[in-house]
Amino acid sequence: MSTEANMHLADEEHIGEMGLHGEFNRNIQATRTHATQAAEELKAAVEAKGRELLHAADDKAAEIKAKAEHVYSDVKQKAQEIRKETEVYVKEHPLTSVCIALGAGFVIGMLARR
């Protein structure tokens, strides 16, 4: 083979290597682009799911708050009724009420000593 032929083969090999190198770089760039897009899609999906969960938690908290307010209102009303009934009973039976209070005080005192 002549020197010219060897140079021509070397040039073709160099061009081939550059082609492979270029192809490799294009593949790397395509992979980076794909990874970036996948990361952005994942980020968007996570943010959307986070907003969805936040709204669900807010709805559940509002539901629990409404139930708690209803229960509080019922308990408050019941306590007022019991207080009124107790006042009426004490006014109608003062001696019995004093005896009950003394008995309850005595029992509590005995339990507190132990």
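Residue numbers (the numbering used here): -5 to 108.
Glycine included, every Cβ here is placed at the ideal spot set by N, Cα and C.
Remember, predicted model here, so these are calculated numbers, not experimental data.
For H64, the secondary structure class from DSSP, reduced to helix, strand or coil, is helix. DSSP places R77 within a helical segment (H, G or I) once states are collapsed to three. In the DSSP assignment, R107 falls within the alpha helix (DSSP H) that extends over 88 to 107. A straight line joining the alpha-carbon of R26 with that of N19 spans about 10 angstroms.
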